Structure formats: structure tokens, C-alpha cells
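*Asks:*
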Amino acid sequence: MGTENPNPRNYPLRPAATPFASPQSSTPFASPQSSTPFASQQSSTPFASQQSSTPFLSSGPVVGSEAPVFRPGPPSASNFPAPPFSGGPLVGTEAPAFRLPPSSRSSEGVRPPPPPSSGGPPTSGFQSFPNPPMPSAGQVPPPQISHTGRPAFAPPTRPPPDQHFFSAPRPSSQPTSPPTGTSYAAGRGIYPGYANMQLNSVSQDPPMQPASFQLQQGGYGPRLQSASFPLQQGGYAPRAPPTSLLAQQRGYAPIPPVSTPSGIYPGNQFQQHGIAPPVAAQQGLAEDFSSLSLGSIPGSFDAGLDNTALPRPLDGDVEPKCFADMYEMNCKSRFLRLTTSGIPNSQSLASRWHLPMGAVVCPLAETPPGEEVPIVNFATGIIRCRRCRTYVNPYVAFTDNGRKWRCNICSLLNDVPSDYFAQVDASGRRVDLDQRPELIKGSVEFIAPAEYMVRPPMPPLYFFLIDVSISAVKSGMLEVMAQTIRSCLDNLPGSTRTQIGFITYDSTIHFYNMKSSLPQPQMMVISDLDDVFVPLPDDLLVNLSESRSVVEAFLDSLPSMFQDNMNVESAFGPALKAAFLVMSQLGGKLLIFQNTLPSLGAGRLKLRGDDIRIYGTDKEHTIRLPEDSFYKQMAADFTKYQIAVNVYAFSDKYTDIASLGTLAKYTGGQVYYYPNFQASIHKDKLKHELSRDLTRETAWEAVMRIRCGKGVRFTSYHGNFMLRSTDLLALPAVDCDKAYAAQLSLEETLLTTPTVYFQVALLYTSSSGERRIRVHTAAAPVVADLGEMYRLADTGAIISLLSRLAIEKTLSSKLEEARNAIQLRIVKALREYRNLYAVQHRLSGRMIYPESLKFLPLYGLALCKSLPLRGGYSDVQLDERSAAAYTMMALPVKSLLKLLYPNLVRVDEYLVKVSLLRSCFLCWSMIWYVSYLLPMSSQTEEFDTKKRLPLTVESLDTRGLYIFDDGFRFVVWFGKALSPDITKNLVGEDFATDFSKVSLSQRDNYVSRKIMEILNQYRKSDPSYFQLCHLVRQGDQPREGFFLLTSLVEDQTGGANGYADWMSLLYRQVQQNA
4 MGTENPNPRN YPLRPAATPF ASPQSSTPFA SPQSSTPFAS QQSSTPFASQ
54 QSSTPFLSSG PVVGSEAPVF RPGPPSASNF PAPPFSGGPL VGTEAPAFRL
104 PPSSRSSEGV RPPPPPSSGG PPTSGFQSFP NPPMPSAGQV PPPQISHTGR
154 PAFAPPTRPP PDQHFFSAPR PSSQPTSPPT GTSYAAGRGI YPGYANMQLN
204 SVSQDPPMQP ASFQLQQGGY GPRLQSASFP LQQGGYAPRA PPTSLLAQQR
254 GYAPIPPVST PSGIYPGNQF QQHGIAPPVA AQQGLAEDFS SLSLGSIPGS
304 FDAGLDNTAL PRPLDGDVEP KCFADMYEMN CKSRFLRLTT SGIPNSQSLA
354 SRWHLPMGAV VCPLAETPPG EEVPIVNFAT GIIRCRRCRT YVNPYVAFTD
404 NGRKWRCNIC SLLNDVPSDY FAQVDASGRR VDLDQRPELI KGSVEFIAPA
454 EYMVRPPMPP LYFFLIDVSI SAVKSGMLEV MAQTIRSCLD NLPGSTRTQI
504 GFITYDSTIH FYNMKSSLPQ PQMMVISDLD DVFVPLPDDL LVNLSESRSV
554 VEAFLDSLPS MFQDNMNVES AFGPALKAAF LVMSQLGGKL LIFQNTLPSL
604 GAGRLKLRGD DIRIYGTDKE HTIRLPEDSF YKQMAADFTK YQIAVNVYAF
654 SDKYTDIASL GTLAKYTGGQ VYYYPNFQAS IHKDKLKHEL SRDLTRETAW
704 EAVMRIRCGK GVRFTSYHGN FMLRSTDLLA LPAVDCDKAY AAQLSLEETL
754 LTTPTVYFQV ALLYTSSSGE RRIRVHTAAA PVVADLGEMY RLADTGAIIS
804 LLSRLAIEKT LSSKLEEARN AIQLRIVKAL REYRNLYAVQ HRLSGRMIYP
854 ESLKFLPLYG LALCKSLPLR GGYSDVQLDE RSAAAYTMMA LPVKSLLKLL
904 YPNLVRVDEY LVKVSLLRSC FLCWSMIWYV SYLLPMSSQT EEFDTKKRLP
954 LTVESLDTRG LYIFDDGFRF VVWFGKALSP DITKNLVGED FATDFSKVSL
1004 SQRDNYVSRK IMEILNQYRK SDPSYFQLCH LVRQGDQPRE GFFLLTSLVE
1054 DQTGGANGYA DWMSLLYRQV QQNA
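Residue numbers (the numbering used here): 4 to 1077.
Pasting the structure below:
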């Protein structure tokens, strides 16, 4: 296999003499005494007050010039000072850009990472792109934004644009022939155990370098000399005199500024709590944007793109801070995220925003301790606007000495009720503001009075519809389910109000009388499937606290009751009707456990399955649609009577999830899919997910509406719900694991307000029987410039909305068309953004993108490779594709991004380290056991779960042990050269056997305990689903390919592009008609 490569990269030397430039050229680049603001300590720019060669460290992507193979850094005596911070990209007038040296590509499919001594990101020179504000005539220059999002006290002055021109040096030589040897063989896409797979459509050897090049961190860099001629596109520069290593690593130089004016409305507004909203900070077009060097020049052997320079979300989802920075009283982004926090001021501007514009809402998102949503109880009624029905919030303004308040949504002046009146001070601030959470918090929960109830609050109700056919019994599902329900009875929400009931079915329907006076439950069998009726309407739903002993007796006897059942039929449709008849009086949550394809009575389904002949035709989408309208009609009836449906599907055969999942889609439920369920393997997963479904806090009989300011409106909604009217979402049950998306559009040609407000209101019944209204309020600035929309963009919200749109498109189009739609949106967005800067910065040969959207291409690629959109007939089974689509439609942003770009971490080095430390501790314990051993051991055994690796086969070392986590499963990958001691400690004596027959469980050794602690640490961080653990050995096909290699989204798999090829493809398409 040849996957081991313990040696660092070797770079062939470039010939000293080249036909392009003389190594001894003395032409200087520019005079050190240049009059730019960066060349003097007296410069008015904020970064010119110091001189330092400290490298600029940033998390941004890497930049390069248009043509040359690499870019050397500036001389060490440069007058360009170091930026004042290095924790991330600059926000303001200087936008960082980076360039890395070309990467060498190993001929081996898996290689070890570089040794720790050479750690750190690859480095090289980079450019800074100043973007000064250029206000139009008669416009007052707006102040700059400080790093906290508030306006600065005084905007800095700027010199004329012609004083900003600088250009970084270009390489002094070009290779005259390709390098020889095998160290540069194209092998980046070779999977262990697979045939050679080329990842890049174009694979070339890296450029040769002269022997005089000095080693830099992460690569080699040239010695530099000063030069006097201006560098032009396609030009070449001779070498410059030696520079310091730091200067070579992180040199930078500004280039001409952008003259686009600010896009945020000017004006002064009060920023007092409870009076008026703060003003969106005014600033010039100071974009954070970065670029990737993608083009090569004639005569160069550079492939054009360094794979290590590509941006990757190795820190996971980073929630945007623009809400908190600009508007401190906005709700947290865990509840509401906008795709861009800059609302366009005109329809013409909105038409240039080619990405989805809208919001993602998770109204009951879990909150950390200490950040709970405050509860407010008004004595005489909730304060609301008379016209638009907006709830009182921090952005309303009190006038007339506190007697009136102005609605921030519709601007109507409302009277303040006498019992809510309070004096205001000279600035208009209420004197009781600190005692009014609804006026200072973006999220609040109101106790609703009686007029918000059309009936008495319903009790928490759980009804179980259980398939007891032979497959359910033989797989062990019935036993695991019964045990799990019984173990959760003490933790069901609602205390003494909770109701419960059961129906089982095969070819007949079985009702159970659980009246509290009975010693045992009584079974009643209905065999007439065409005329289903309820035999005992009053005793099929019982109070759990009153009938606890009967319920426990039923659950204990359920597995043995049907252990000899040989019935293979499924009367699912009639059983569903029976459950509806029982629950329609109260509503509640219906949990369905389905093992076989419905075959009898209403709703019976055919074994249509996948048909390869349909793929690629106009009828392809029909196999992903419900076959029978019976299920959609039943879902509408369930929603009308406040019944939410969760579907648990278990089968090793086709069960038509596309049809069954409709029940969950239109009732606000979920689909849990367990293909090939076996209790010995999947027991823990079913137990965890069913327990969470039963015990998590649930909002019952809910409706949700999103209100927004004048001139904008939400036009479409996406997720699992039933749309009751144009903007009212019916949600029979809501919990913290469900999110909903909505698209936004402009109603008016031109917006005249400086701020747009959004308010999410969820009216629901709590498990304790209270009618409550949870309200989330947020404000966003109206902008007049496309650059501001990009700067305030939120990649997570964009991908969340884009994924829902793409999945819905697969129900009416081919998979390929849905993938192309994603690609087209990204291309149009990047092309539009490029048009803002291409002329000013002469960016030919580079792909530029805003800092806020640097991960958008990668997430777009991952979305195209996700289960609902991937490949075609042979790539994903139809049931699995449909189940994944239903799941992704309901996922919150963080869970969705983790599913698209999962965690990959290496753990063998940590296990070896802690084992050695423990051995030392055991030796020392003879003397220092009590006073030294225990405290020290507790401090040195923490595993950093944030050390994520790129999702490419190159990250896998054949000597390593890796954990892959997408939030739904673990894959533990064992390298071929991994220490046998580690493998033996984890899987026992049978470590050489087939891993498909081995499970990972805690054993009586230190290594096993530590790996289980790591897995549990991941599970606790995201308890929504249970990650079932799959063990994979390197080269063990097809298991390795199925569980891991197809999930490495940066690699070329199944005919889909790898990350580098995808970026090249986007670049070529962006260049067209740019």
C-alpha cells in the first residue's frame, strides 16, 4: 500500500540561472521612502504607528498574486508595521490576504502529518487590500466601525488614493524543465485499499527552486533584492537582498484602495434602552476579503492551487457576532440567524444578492446555564401593538412622558396601560427599565392570559403505535423499545398530568384497556380493516400516575406476548386511523414503530423501490414523492387536532420512507431511520434517541409567526410543519432539536427606514399546563451597498436555507439539477462580488471572496455530496436518501454544518501520552501517592476535541488512530501500522478478526477507558442523536469506503469533484462574463 511517509517534504531546487531574470539584477522595487501612509510612523492609518517584522497570523485563507509560482516576502527593513492583533482577519480598512508556497504532493495515499517541530500553518507573503470610504458629493463621511461593532468617536483621515499604490515582488526565476524523481508523483487521491484515484483534474509537478533559497516555515522562500520598476501583471522580479525569516514568512503590502461609498444609511438615533433602536454603525466599504491564487503563468509547472491554502472550518460553526456588536439587545443567534444582517435598501440591490435571503429560527434552542429566557407575567394582559400585534420589546420608543409607546414594526403610536405606566427621564429612558426584562432582553417568555386559549391547555400525551410482525420481534426492536419506554416513565414531562396509550398491529389491530382498576391490561383485537372503530374510547388513554402499575405490566409482557408471532403482514394504514380516533380528543405526540412495508388496508404501498431506468429522466423525482396521498391527508388531519408524529423506521428491506415520512413532515415531527436494525448493535442508539424524544421539554399545540418591518416580508417557509395561513405555522409539538427556515423578499421598491426589525412569536402550551408566548426580537441595518451585505453574511444560515431549498427541489427535479442549482448560486454570488474589486485590484488569476463567506464553497461541495443529493442510483439507497432529507429539513444550523463537514481527530498520540504519564505516576505513587499523584493526573488527562483535521485521505496516517464524528455516527479508523498494543487494548484478543463483528466497549485497561471518555465527551456536546460506533481497519474494503472514505468531502469520490477541483471549477465559471 505504501502509505507511510515519515519524512518531511523535499523540494527540488530551482536552477540558479533562468531565461527570465538575472539573479544579480539590481533594479529596486520601490524606494523605502515612499510616501504611502504605511511608510511612516506619522501615518494616519491605525497600523502605521509601529515598525515590526512580526508575522501577521490570521485564520483567513491564503492569497497570491495573479501569475507567479510563489510570492516572496518583503525585506526585513520594511516600514510596514505589524497589525496590532493576530487572532484573526482584520476588520476595517485593511483586508488581509495570504499566499502560501506551492504544496508538494506525496505519491502515497496516506501520509503522516509534519512533525510537531515544524508545526504551524504554511506561511508566505501576503497583501493587504485597503478599502477607504469614498462618500458621494454632499455626503458626510461616516465614522468607522470599532471592533465591538459601535461607531468610533472620530473617523481617521485618509490620504489620496494615489498614495496607496504598492506592489509585492514577484519571483526572480521560472523553471526551465519539470523536476524529476518520484517525490512529486500525483497521488493525492489514492485511497488506502483503492485503486489510484486522481483528485485534481490537472496535476502538475511543483516548480523547481534555486539552490540559494532559504528554508521558511512550511516551505522555501527566495532571497530578495530591491527593485525599482513597478511590478505589472505577468511581470517578473529579480531577487532581492536577504531578509529576516519573519519578514519572509509574513510580509505584506497594500494595494490601491476601493472607492465605493458606504452602504449604510447615515443619521443620528438615540441608543437608549427601551426608547429607540441603536443606529447601525456607519462606515465605508471596508470589506474583509481574501483570494486564492489559481492561475499559473506560461512556462510554469505550478498546478495553480495549493491544497493546504484552502479555507476549512476546523473550528466548527462560529456564530456571527454582528447581531451582538451592532445591536446589543438582539436575541441570541442560537434562536434567530439571518443569511445576511444587511438588508438591501432596494429591489435592484436585492437582485444582485444571488444567495438565499432569509432567516433560520430555532425558537426553543437549548440555553447554557445562566442564560435562561426570562419569564414575564403581566397582571392585566400582554402589551401589544393594536395594528400589527407586535409584542412589546427593547426597540419600542416611549413618548409623551411615558404615556405612549411607538411600535418598532409598524410605527403606530399606542397607549400605555395605566398599570404599565412609568416615568421617563430626560433622555426618554423608563425609570423602571431594569425591572422590565421585556424592554432590555431580545428573548422573553410571556405567560398568556385566558384569551389566548381556545380550549383548556392539553396535558402531555404520548401514544405508541407499534408493529409486532415477525421482523420486529426477530430484530429485537420490540424488546429494546419496551425497556426504554419503561425506564423513561419517571421522567416524562407533565408530572401527574401525563397521558399514555398503546396500539399494536400486524395483520390485525390490538387495543389495550389500561384502566387503573385492572390488575392486567386487557387486549381487544379488531380484524375488520375497512371499518375501524374504537372499542373503549374512555379507557385506551389513561393517566400515567393513576395506571402506572398496569402500564408497567404491559411493557414487561409485550416482548413475550408476541415472541412466537409469525405474521409478516402490516395493517399500518388502518392502525394509523385507529390511533387518530383515540387521540383526536386531546392531541399529543404519536410515536410510530414501523418494521415492514404497509401491505394491508388503506395506505398499503407497493414495492416500487429504486429503478435505475428512471434516473436521469423527467420521472426521476417521482420515486422520492409519497406514493399514496393517504399519508398526506392523514398528516393534515393530525395537525388539525394537534397531533405530532415521530416515525421510527426499522427494516432491512424497502419500507418507502418517502411516503411514511410525510406524516412527520406536516405535523412538526421527526424521522428516525435504523436500517438493518439488530438489537445487539443498535440497542444503545435506539435507547438514547427514544429516551431523548420522550423526556426533552416539549411545547404542545403551538403556532408560530415571524413578523418583520415595513417593506419586507417572508414569502416561503421550509421545514417540518403545516402552513395554516400565509404566515402562520402550525406546530403540534416543538422542541429544542427543530429549526425552521424562511425566505425574505422586499415588498417596496425602496426602503426608507434605516433599520428593519424581526420578531418571532411562538404561542404554545408548556408541559406544566401554562399557555406561554416565547418572543425573540432582532434588528438589522438597511444597507445601500452590496459589499455591506457580503460583509454581514452568515454562512451557516445561508447553507441551512440553501439545503432546504435544494432538498425540496429534488422532489420536482433531477438530483443533478438540484446540485447544479447550488453551484450556480455560489458562482453568481462570487462573480458579483468579484465585479466589486476586479478593476481596482487587477485580480486576474485569483479567485476572491468575502471573509464572511470563505467556507461557502466547501459547504456547498459538502451539500452536493450529502445523502439527499449525492450521486444517483448506485450511490445511496432510496430509503436512506429520503430519511436523510427529512432529517436535514429539521436540523438546527450547528448540527447541519457538523453533518456536512464532520469532525476528524487523531487520538493515538494522546493515548500513548497519557499511558506514559500514568506509568510515571504509578512509579511516583510509591512516595507521593496522596499529595502528588491524584492532583497531577487529573490535570494532564484532558483531550482537546477541537483539534480537527481536514477531511481528506491525506490527513490519515497509517500509524494513527482516528475518530470521525458527524453527529449521527462515530467511525474509528485503525491504521495498518498502528501499534498492536493499542488495538488489543481497545478490541481485545480478537483484534485481528473482521471489525464488522467487533464492537467497541469499555474494557479493563487504561487505554480503553480513555477512548470511551473521548467518545462520551463528544456525545455530551451534542446529545440530539446518539453516535453509533463503527470500527474500520485501513484497507478493509468495502467497509472502509462505505463508512469513511465516501465521507471525506475534500476528496474526489464517486465521480464528484474534490475540494481543489471544485474551487478550480468555480473559478473558471466565475471568470466567464465576469
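From the three backbone atoms N, C-alpha and C, an ideal C-beta is built for every residue, glycine too. Here the structure is a predicted model, which is why all the values come from computation and not from measurement.
Nearest-angstrom Cα distance between residue 399 and residue 1049?
*Replies:* Within the sequence shown, the letter at position 396 stands for residue 399. Within the sequence shown, the letter at position 1046 stands for residue 1049. Rounded to whole angstroms, residue 399 to residue 1049 spans 52 Å at the Cα level.
*Asks:* State the start and end residues of the unbroken alpha helix (DSSP H) segment that holds residue 905.
*Replies:* To locate residue 905, count along the sequence shown from 1; it is residue 902. Careful: residue 905 lies outside any alpha helix (DSSP H) and carries neither H nor E.
*Asks:* Look up residue 376 in the DSSP assignment and say whether it is helix, strand or coil.
*Replies:* For the purposes of this step, residue 376 is taken as residue 373 along the sequence shown, with counting starting at 1. If DSSP states are grouped into helix, strand and coil, residue 376 belongs with coil.
*Asks:* Is the beta carbon of residue 721 closer than 8 Å to that of residue 339?
*Replies:* Position 336 of the sequence shown, counted from the first residue, corresponds to residue 339. Position 718 of the sequence shown, counted from the first residue, corresponds to residue 721. No, these two residues do not count as a Cβ contact at 8 Å.
*Asks:* Please confirm whether residue 670 and residue 706 have their CB atoms less than 8 Å apart.
*Replies:* As a first step, residue 670 must be located in the sequence shown, where it is residue number 667. As a first step, residue 706 must be located in the sequence shown, where it is residue number 703. No. Outside cutoff.
*Asks:* Quick check: the region 341–357 against the region 783–794, are at least 3 beta-carbon pairs closer than 8 Å?
*Replies:* Yes, the region 783–794 is in contact with the region 341–357.
*Asks:* Are residue 413 and residue 713 close, meaning C-beta to C-beta below 8 Å?
*Replies:* Position 410 of the sequence shown holds residue 413. Position 710 of the sequence shown holds residue 713. Yes. Within cutoff.
*Asks:* CA-CA distance, residue 492 and residue 698?
*Replies:* Within the sequence shown, numbered from 1, the residue matching residue 492 stands at position 489. Within the sequence shown, numbered from 1, the residue matching residue 698 stands at position 695. Taking the straight line joining both Cα atoms gives about 9 Å.
*Asks:* For the putative contact between residue 442 and residue 377, defined by C-beta atoms under 8 Å, what is the C-beta separation to the nearest angstrom?
*Replies:* Along the sequence shown, one-based indexing puts residue 442 at 439. Along the sequence shown, one-based indexing puts residue 377 at 374. Not really, about 11 Å apart at Cβ, beyond 8 Å.
*Asks:* Could you tell me whether the region 596–603 touches the region 654–672, where touching means 3 or more Cβ pairs closer than 8 Å?
*Replies:* Verdict: yes, contact present.
*Asks:* For residue 303, which three-state DSSP category applies?
*Replies:* The count along the sequence shown starts at 1 and reaches residue 303 at position 300. A caution first: residue 303 carries a pLDDT of 35, below 50, which makes its placement in the model too unreliable to give a value.
*Asks:* Quick check on this structure: which residue in 323, 360, 349 has the alpha carbon closest to the alpha carbon of residue 719?
*Replies:* For the purposes of this step, residue 719 is taken as the residue at position 716 of the sequence shown. Residue 719 has its Cα closest to that of 360, out of 323, 360, 349.
*Asks:* Let me check understanding here. Comparing Cα to Cα, which of 605, 482, 555, 613 lies closest to residue 563?
*Replies:* Here residue 563 refers to the residue found at position 560 when the sequence shown is read from its first residue. The candidate whose alpha carbon is nearest that of residue 563 is 482.
*Asks:* Hey, quick one: how far does the alpha helix (DSSP H) through residue 1029 stretch, first residue to last?
*Replies:* What you label residue 1029 is simply residue 1026 of the sequence shown in a count that begins at 1. Element bounds for residue 1029: n/a, residue is neither H nor E.
*Asks:* When you compare only the Cα positions, how much space is there between residue 756 and residue 891?
*Replies:* The count along the sequence shown starts at 1 and reaches residue 756 at position 753. The count along the sequence shown starts at 1 and reaches residue 891 at position 888. Computed Cα separation, rounded: 36 Å.
*Asks:* Does the Cβ of residue 901 have 16 or more other Cβ atoms within 10 Å, making it buried, or fewer, making it exposed?
*Replies:* As a first step, residue 901 must be located in the sequence shown, where it is residue number 898. By the 10 Å Cβ count, residue 901 comes out buried.
*Asks:* State yes or no: is the beta carbon of residue 974 nearer than 8 Å to at least one beta carbon in chain C?
*Replies:* Judged by its chain identifiers, the structure shown contains no chain C, having just a single protein chain.
*Asks:* Mapping the DSSP letters down to three states, classify residue 498 as helix, strand or coil.
*Replies:* Within the sequence shown, the letter at position 495 stands for residue 498. Looking at residue 498 - three-state DSSP - the assignment turns out to be helix.
*Asks:* Can you give me the Cβ contacts of residue 624 inside the same chain, cut-off strictly under 8 Å, excluding the 5 residues immediately before and after it?
*Replies:* Within the sequence shown, numbered from 1, the residue matching residue 624 stands at position 621. Closer than 8 Å at Cβ, skipping near neighbours: 813, 814, 815, 816, 817.
*Asks:* From the DSSP output, read off the bridge partner residues of residue 681.
*Replies:* Indexing the sequence shown from 1 puts residue 681 at position 678. Beta-bridge pairing links residue 681 to no other residue.
*Asks:* Between which two residues does the alpha helix (DSSP H) harbouring residue 557 extend?
*Replies:* Numbered from 1 along the sequence shown, position 554 holds the residue referred to as residue 557. Per DSSP, residue 557 belongs to the alpha helix (DSSP H) from 551–564.
*Asks:* Of the choices 496, 694, 530, whose alpha-carbon is the least far from that of residue 573?
*Replies:* Along the sequence shown, one-based indexing puts residue 573 at 570. Answer by Cα proximity: 530.
*Asks:* Just checking my contact of residue 314 with residue 864 at CB under 8 Å: how many whole Å lie between their CB atoms?
*Replies:* In the sequence shown, residue 314 corresponds to position 311, counting from 1. In the sequence shown, residue 864 corresponds to position 861, counting from 1. Actually they are not in contact, since the Cβ atoms of residue 314 and residue 864 sit about 12 Å apart, beyond 8 Å.
*Asks:* DSSP three-state label for residue 219, please.
*Replies:* Within the sequence shown, residue 219 is the residue found at index 216, counting from 1. Residue confidence is low: residue 219 scores 37 on pLDDT, short of 50, so the model does not pin down where it sits. No coordinate-derived value is stated.
*Asks:* Going by the beta-carbon positions, is the gap between residue 382 and residue 422 smaller than 8 Å?
*Replies:* The residue given as residue 382 occupies position 379 in the sequence shown. The residue given as residue 422 occupies position 419 in the sequence shown. For residue 382 and residue 422, yes; Cβs fall inside 8 Å.
*Asks:* Hey, quick one: how far does the beta strand (DSSP E) through residue 654 stretch, first residue to last?
*Replies:* Within the sequence shown, the letter at position 651 stands for residue 654. Per DSSP, residue 654 belongs to the beta strand (DSSP E) from 646–654.
*Asks:* Straight-line CA distance for residue 760 to residue 804?
*Replies:* Taking the sequence shown and counting its residues from 1, one reaches residue 760 at position 757. Taking the sequence shown and counting its residues from 1, one reaches residue 804 at position 801. Near 20 Å, if we compare the C-alpha coordinates of residue 804 and residue 760.
*Asks:* Let me know the secondary structure DSSP gives residue 529 once reduced to three states.
*Replies:* Walking along the sequence shown from the start, residue 529 turns up at place 526. Strand.
*Asks:* Could you check where the beta strand (DSSP E) with residue 974 kicks off and where it finishes?
*Replies:* Along the sequence shown, one-based indexing puts residue 974 at 971. Counting along the chain, the beta strand (DSSP E) containing residue 974 begins and ends at 972–977.
*Asks:* What are the boundary residues of the alpha helix (DSSP H) that includes residue 667?
*Replies:* In the sequence shown, counting from the first residue as 1, residue 667 sits at position 664. Unbroken alpha helix (DSSP H) run through residue 667: 660–668.
*Asks:* Which two residues bound the contiguous beta strand (DSSP E) that contains residue 853?
*Replies:* The residue labelled residue 853 in the question sits at position 850 within the sequence shown. Where residue 853 is concerned, the enclosing beta strand (DSSP E) stretches over 849–853.
*Asks:* The alpha helix (DSSP H) that contains residue 1021, what's its start and end?
*Replies:* Counted from its first residue, the sequence shown places residue 1021 at position 1018. Where residue 1021 is concerned, the enclosing alpha helix (DSSP H) stretches over 1009–1024.
*Asks:* Going by alpha carbons, who is nearest to residue 770 out of 782, 797, 736?
*Replies:* Position 767 of the sequence shown, counted from the start, is the residue given in the question as residue 770. The shortest Cα separation from residue 770 among 782, 797, 736 belongs to 736.
*Asks:* Taking the beta strand (DSSP E) that residue 636 falls in, what are its first and last residues?
*Replies:* Translated into positions along the sequence shown, residue 636 becomes position 633. Where residue 636 is concerned, there is no enclosing beta strand (DSSP E), although the alpha helix (DSSP H) it sits in stretches over 633–643.
*Asks:* So the beta strand (DSSP E) residue 591 belongs to, where does it begin and stop?
*Replies:* Within the sequence shown, numbered from 1, the residue matching residue 591 stands at position 588. 591–597 is the span of the beta strand (DSSP E), which, as asked, contains residue 591.
*Asks:* Need the endpoints of the beta strand (DSSP E) that residue 709 sits in, please.
*Replies:* Here residue 709 refers to the residue found at position 706 when the sequence shown is read from its first residue. Start and end: 702–711.
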